[in-house]
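Take a look at the structure set out below.
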Amino acid sequence: GFVEDQFGLGLIARAVEEGISVIKPSGLMVFNMGGRPGQGVCERLFLRRGFRINKLWQTKIMQAADTDISALVEIEKNSRHRFEFFMDLVGDQPVCARTAWAYMKSGGRISHALSVYSCQLRQPNQVKKIFEFLKDGFHEVSSSLDLSFDDDSVADEKIPFLAYLASFLQENTSNPCEPPAGCLNFRNLVAGFMKSYHHIPLTPDNVVVFPSRAVAIENALRLFSPGLAIVDEHLTRHLPKQWLTSLAIEESNHAKDTVTVIEAPRQSDLLIELIRKLKPQVVVTGMAQFEAITSAAFVNLLSVTKDVGSRLLLDISEHLELSSLPSSNGVLKYLAGKTLPSHAAILCGLVKNQVYSDLEVAFAISEDPTVYKALSQTIELLEGHTSVISQHYYGCLFHELLAFQIGDRHPQQEREPAEVISKEMIGFSNSAMSTLEGAEFFVPGSKESGVIHMDLDRSFLPVPSAVNASIFESFVRQNITDSETDVRSSIQQLVKDSYGFSADSCSEIIYGNTCLALFNKLVLCCMQEQGTLLFPLGTNGHYVNAAKFVNATTLTIPTKADSGFKIEPSVLADALEKVSQPWVYISGPTINPTGFLYSDDDIAELLSVCAKYGARVVIDTSSSGLEFQAAGCSQWNLEKCLSNVKSSKPSFSVVLLGELSFELTTAGLDFGFLIMSDSSLVDTFYSFPSLSRPHSTLKYTFRKLLGLKNQKDQHFSDLIVEQKETLKNRANQLIKTLESCGWDAAGCHGGISMLAKPTAYIGKSLKVDGFEGKLDSHNIREALLKSTGLCISSSAWTGVPDYCRFSFALDSGEFDRAMECITRFKELVLGGSAKVNGSN
1 GFVEDQFGLG
11 LIARAVEEGI
21 SVIKPSGLMV
31 FNMGGRPGQG
41 VCERLFLRRG
51 FRINKLWQTK
61 IMQAADTDIS
71 ALVEIEKNSR
81 HRFEFFMDLV
91 GDQPVCARTA
101 WAYMKSGGRI
111 SHALSVYSCQ
121 LRQPNQVKKI
131 FEFLKDGFHE
141 VSSSLDLSFD
151 DDSVADEKIP
161 FLAYLASFLQ
171 ENTSNPCEPP
181 AGCLNFRNLV
191 AGFMKSYHHI
201 PLTPDNVVVF
211 PSRAVAIENA
221 LRLFSPGLAI
231 VDEHLTRHLP
241 KQWLTSLAIE
251 ESNHAKDTVT
261 VIEAPRQSDL
271 LIELIRKLKP
281 QVVVTGMAQF
291 EAITSAAFVN
301 LLSVTKDVGS
311 RLLLDISEHL
321 ELSSLPSSNG
331 VLKYLAGKTL
341 PSHAAILCGL
351 VKNQVYSDLE
361 VAFAISEDPT
371 VYKALSQTIE
381 LLEGHTSVIS
391 QHYYGCLFHE
401 LLAFQIGDRH
411 PQQEREPAEV
421 ISKEMIGFSN
431 SAMSTLEGAE
441 FFVPGSKESG
451 VIHMDLDRSF
461 LPVPSAVNAS
471 IFESFVRQNI
481 TDSETDVRSS
491 IQQLVKDSYG
501 FSADSCSEII
511 YGNTCLALFN
521 KLVLCCMQEQ
531 GTLLFPLGTN
541 GHYVNAAKFV
551 NATTLTIPTK
561 ADSGFKIEPS
571 VLADALEKVS
581 QPWVYISGPT
591 INPTGFLYSD
601 DDIAELLSVC
611 AKYGARVVID
621 TSSSGLEFQA
631 AGCSQWNLEK
641 CLSNVKSSKP
651 SFSVVLLGEL
661 SFELTTAGLD
671 FGFLIMSDSS
681 LVDTFYSFPS
691 LSRPHSTLKY
701 TFRKLLGLKN
711 QKDQHFSDLI
721 VEQKETLKNR
731 ANQLIKTLES
741 CGWDAAGCHG
751 GISMLAKPTA
761 YIGKSLKVDG
771 FEGKLDSHNI
781 REALLKSTGL
791 CISSSAWTGV
801 PDYCRFSFAL
811 DSGEFDRAME
821 CITRFKELVL
831 GGSAKVNGSN
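Start counting the sequence shown at 1; every next residue gets the next number (UniProt numbering).
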């Protein structure tokens, strides 16, 4: 960072920062600056704080003969910095402190420059917000701040974002709950941009957000699973290699939910000829620059795909300009006058920003409710969600563009309705359809009332200031080196300290935006090996549904409530006897969602059984790190366990899946990782290249936080202990509330959720607005939601008969409201004085 104190400029730096808070937006500050630290350092003091500077005047003054500059010589000796002196008053070539000291010792006279600078903030309101945030307990980030820019367009983009990020971190003690389909504010801004600049009346529901264009294309193809798809040759690079090498294009192929992709040229006349001849079920294409200016090529594509019964996904990423003066766009011009037909959707990957070439967000536009709802659910199952920080970045760009616009006082022109599609189009694949119909998805709140979410796999506990400081620092810094974003050695140490797992130089460590995205690539690897994925009863419902969505072969390993829903070695052996190519999923040490713990002996026994049958083992540690009742449960030593295991089957291997957000208390900020040592499995994994990966700023953030944890920083360790204590108290309070209201709570020893059985409610009748019927462990989710606004996961999600899931890592106010909802539901169904579990 920049530390002005060592140059004797600390007081001036503090005066500058105090001046920022009081100066008027158009005001000037004038400073006299001694030039000994060097002109570059003096000017940088102002530039990195967001000032434009103008040197008004400069002269030289003699240095007093008795001045001791040996301290400056020492600084030069220990750093690359060189101070600036002049020989006498006439010299115009600066010399360093060491030369000046030697010259003085030999009887010479030295001088230094004195300059007068006028300074004006380049974006005063935004810079003021940034410094207001830094003053609020984030002084350590100040030394990293750099608001100097050679290019005004970069400053115009980055400074407003930093101001927005500062306000967001200041106002939100915990990260807000956002839908998996994309932050509501971001989707509103996209819809607002389309309406203001292109006169397309979209709603936020029409916009579905993805981590990248590649992820959007693959997810759409998995949703429909076409026997044959034609994809633009420029868009196939990140598709699974198996799709690009298959030559089977017969009708029967679709029955197996496999996809064959044929590459196509982008030129519309050649593409249309291919579509007419091959009659694909899905077409994914971009447009040549010369064809994107008018609507003609788009109209022709809509027509030919409608005629042959193909769905169309049109990519306009290269032609969408985030500019206050966007050039003509034929596709958007068409949509201003006509509704998008139900068989077509528009895709746009946002990569055109001035600051980060690798920061991407994509969104799809559909005006067919069935399609945009299914796309939203697909992203929830296969990715989890898109990075909130990335959405904030591009949202800030859209916000700045919309600020230019004066509200249109003319009524929106009436658009022509979409043409009725007479030819039957491909629907969702059988596996996708059955999963979407049976799975439980995110429930958004309405304007009238919010939803209290006890059904989500994330923490809403307050985010510690150390986390916010690292996030902000990752964006205010410039010229971050690769070594500062390299988290490999930090993750190696983390898994060694936490689980006794040794990840050597031969191990492959892969990073993902979410743990769920990495897990789903492993499911595809299992399918590629024609394996069977074994889930214990009581597994994270999202993981099980994601496997079903892609039509993986799965098997359930029975577990029991009285043993904490843990896999028993004998039961695992019985299950492995029945399958070939087994993949065993184990969540631990903390089991998600039950909250019980596997000891070191437990995992050693399970690995021994897996080794005997040559199973691949996926150990998911993503819910671990917040164990609050681990007495009597020995810490894992996987290295020792694996060294004691003898397996004659080369297929046996262990994959470690992890997530840093629980370990590092970064609620809502995800960073998944995967460690593999089997080279053939690594090759298979990389054959599915569309993985969404964390941006470099996130890597910088997590590297800093991992450093605090691995070095056992006292303050950071205290924060983790505090969160564990909070979760322990919440768990105890939840158990007490549930049991006093007719539930049998299973309890838990760690993590953020537990299971409970609605014993007193089964078979009881309830009639409220939006729900009527006899209660069971499936429909009690809907009944609770409709009657109280509390959302939990039913037994359909947990997979355990009669048991529902409650997540309790809510902020204190929300948790208290959740307890009130549970009590109110008891009064509604059982009556206020009903005797429950022996209590009133």
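We put the beta carbon where it would ideally sit given N, CA and C, even for glycine.
Query: Delimiting residues of the alpha helix (DSSP H) encompassing His-199; Result: His-199 -> no alpha helix (DSSP H), and no H or E assigned at all.
Query: Exposure label - Cys-506; buried when at least 16 CB within 10 Å; Result: exposed
Query: Proximity winner among Glu-663, Cys-526, Tyr-700 and Pro-694, relative to Val-721 (alpha-carbon distances); Result: Glu-663
Query: Short Cβ contact (7 Å threshold) for Cys-119 with Phe-46; Result: yes
Query: Gln-120 - DSSP class collapsed to helix/strand/coil; Result: strand
Query: Segment contact flag, the stretch 173-184 with the stretch 324-340, C-beta cutoff 8 Å, min 3 pairs; Result: no
Query: Per-residue burial, Val-768 [other beta carbons within 10 Å of its own, 16 or more giving buried]; Result: exposed
Query: Proximity of Thr-539 and Ala-547 at Cβ, strictly below 7 Å; Result: no
Query: Lys-306, enclosing beta strand (DSSP E) - first and last residue; Result: Segment 296-308 is the alpha helix (DSSP H) holding Lys-306; no beta strand (DSSP E) there.
Query: Close beta carbons around Asp-205, own chain, < 7 Å, minus the five adjacent residues each side; Result: Tyr-372
Query: CA nearest to the CA of Glu-739, picked from Ile-822, Gly-38 and Glu-659; Result: Ile-822
Query: The beta strand (DSSP E) enclosing Glu-659, as first and last residue numbers; Result: 653-659
Query: Cβ separation of residue 850 and Val-544, assumed to be a contact under 8 Å, to the nearest whole Å; Result: An answer regarding residue 850 cannot be provided, because it is not within the stretch 1 to 840 covered by the chain.
Query: Spatial distance of Glu-17 from Asp-670 (CA atoms); Result: 33 Å
Query: As assigned by DSSP and simplified to three states, the class of His-254; Result: In this prediction, His-254 scores a pLDDT of 42, lower than 50, which makes its location untrustworthy; the coordinate-derived value is nonetheless stated afterwards. Correct three-state label for His-254: helix.
Query: Where the alpha helix (DSSP H) through Glu-263 begins and ends; Result: No alpha helix (DSSP H) contains Glu-263, which is instead part of the beta strand (DSSP E) from 260-264.
Query: Rounded separation between Ser-622 and Cys-641 - CA only; Result: 20 Å
Query: Three-state secondary structure assigned by DSSP to Thr-554; Result: strand
Query: Spatially closest choice to Ser-474 from Leu-518, Ser-79, Glu-132 and Tyr-700, by CA coordinates; Result: Tyr-700
Query: Own chain residues within Cβ distance below 7 Å of Tyr-613, not counting five before or after; Result: Leu-576 and Pro-582
Query: Short Cβ contact (7 Å threshold) for Gly-742 with Leu-828; Result: no
Query: Helix, strand or coil at Gly-10 according to DSSP, with G and I counted as helix; Result: helix
Query: Helix, strand or coil at Leu-221 [DSSP, three-state]; Result: helix
Query: Range of the contiguous alpha helix (DSSP H) that encloses Asp-601; Result: 600-613
Query: 7 Å Cβ cutoff met for Val-451 and Cys-791; Result: yes
Query: Burial state of Val-30 (16 or more Cβ within 10 Å); Result: exposed
Query: DSSP-derived helix/strand/coil call for Phe-771; Result: strand
Query: Residue interval of the beta strand (DSSP E) (run including Ser-142); Result: That residue, Ser-142, is in no beta strand (DSSP E); its alpha helix (DSSP H) goes 139-142.
Query: C-beta atoms of Ser-328 and Ile-421 nearer than 7 Å; Result: no
Query: Three-state secondary structure assigned by DSSP to Phe-685; Result: helix
Query: C-alpha distance - Ile-69 paired with Gly-107, whole-angstrom precision; Result: 15 Å
Query: For Lys-560, three-class secondary structure by DSSP; Result: coil
Query: Residue from Phe-149, Ser-677 and Asn-219 with nearest C-alpha to Glu-380; Result: Asn-219
Query: Reduced DSSP category for Ser-680 - H, G, I as helix; E, B as strand; rest coil; Result: helix
Query: As assigned by DSSP and simplified to three states, the class of Met-754; Result: strand
Query: Beta-ladder partner(s) of Val-282, from DSSP; Result: Ala-229 and Arg-311
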